[in-house]
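Asker: Position in the sequence shown (first residue = 1) + 615 = the working numbering.
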Amino acid sequence: MILIVGLGNPGKNYEFTRHNIGFRIADRFAGKLEKKSCYPKFMSMVIESSFSNRKIIILKPQTFMNKSGEAVALCSSYYKDKINSMLVIHDDIDISFGDIALKKGGGTAGHKGLESIAASLKSYDFDRLRFGVGRPAGRQDASDFVLKEFSRKEKVEVKVGIEKSVDIMADYITGGIQYAMNKYN
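Laid out in structure tokens, this is it:
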């Protein structure tokens, strides 16, 4: 089974913010799945389905970003050894706006959602799909910046990036992290 975790904050106020790109990509991918069940569990919205003959669980923690790890830990504990790999989809201010990169394990670069997951799982060993959301200008605080919506001009590129991310996820599921990294990074 593959666990896909889309990071974001619950609620309409955050729906289109930079920080919620993980939710938006997860939702778009889920929208392309034919047979799925959706339900609340693990302090999350859960979408259960299969893709290319592989069972997938899409998890959207409803705990707010800084406590995402609590939801991920509940899900991981429930499924224990059934999870073969985990892909966390998140916003990233350290890569250029619109760039998308896969990463296998590693540090969190200060991303509160990733820090929460790593602390809750006691491991940094999970794959990431990083979506570049731009960098705050001047001395603007990064946490304030990621809670802002994309500009009208940026929204066009974000839609393209979401579709590319869905393609990357499909290749990740069918070929694994190394295959997808070789193809897209």
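Even for Gly, the Cβ is constructed at its ideal location relative to N, Cα and C. Treat the numbers as computed from the prediction; the structure is a model and nothing was measured.
1) Say whether the segment 762-771 touches the segment 642-659, bearing in mind that this needs 3 or more beta-carbon pairs closer than 8 Å, one atom from each stretch.
2) CB-CB under 6 Å to D714, same chain, minus the five flanking residues each way: which ones, in chain order?
3) Using 8 Å as the Cβ pair cut-off and three pairs as the minimum, do the segment 752-761 and the segment 621-629 touch?
4) For G776 and I672, I'd like the C-alpha separation in whole angstroms.
5) Does the segment 699-715 come within contact of the segment 647-660, defined as at least 3 CB pairs closer than 8 Å?
6) Please classify D742 as buried or exposed, where buried requires at least 16 neighbouring CB atoms within 10 angstroms.
7) State the beta-bridge partners of A716 as determined by DSSP.
8) Figure out for me which residue from G637, L736, R745 and N797 has the closest Cα to the Cα of K695.
9) Beta carbon of N800, beta carbon of L744: below 8 Å?
10) Work out the CA separation of D709 and G749 for me, nearest whole Å.
11) Looking at the structure shown, is K675 part of a helix, part of a strand, or coil, going by DSSP?
Answerer: Inspection of the coordinates gives the following:
1) In the pairwise beta carbon analysis, the segment 762-771 is classified as not touching the segment 642-659: fewer than three pairs are separated by under 8 Å.
2) As a working mapping, residue 714 is identified with position 99 in the sequence shown. The residues are G747.
3) The answer is no - the segment 621-629 does not touch the segment 752-761, with fewer than three Cβ pairs under 8 Å.
4) Here residue 776 corresponds to residue number 161 of the sequence shown, with the count starting at 1. Here residue 672 corresponds to residue number 57 of the sequence shown, with the count starting at 1. Between G776 and I672, the C-alpha separation is close to 22 Å.
5) Too few Cβ pairs lie closer than 8 Å, so no.
6) Sequence index remark: in the sequence shown, residue 742 carries index 127 (1-based). Of the residues assessed, D742 falls on the buried side of the cut-off, its CB having 16 or more other CB atoms within 10 angstroms.
7) Taking the sequence shown and counting its residues from 1, one reaches residue 716 at position 101. As DSSP reads the structure, A716 sits in a beta bridge with R745.
8) Within the sequence shown, numbered from 1, the residue matching residue 695 stands at position 80. Considering only G637, L736, R745 and N797, the residue with the shortest C-alpha distance to K695 is L736.
9) For this step, residue 800 is matched to residue 185 along the sequence shown. For this step, residue 744 is matched to residue 129 along the sequence shown. Contact: no.
10) Here the question's residue 749 lines up with position 134 in the sequence shown. Here the question's residue 709 lines up with position 94 in the sequence shown. Their backbone Cα atoms lie some 8 Å apart in a straight line.
11) Here residue 675 refers to the residue found at position 60 of the sequence shown. Here K675 sits in strand by DSSP.
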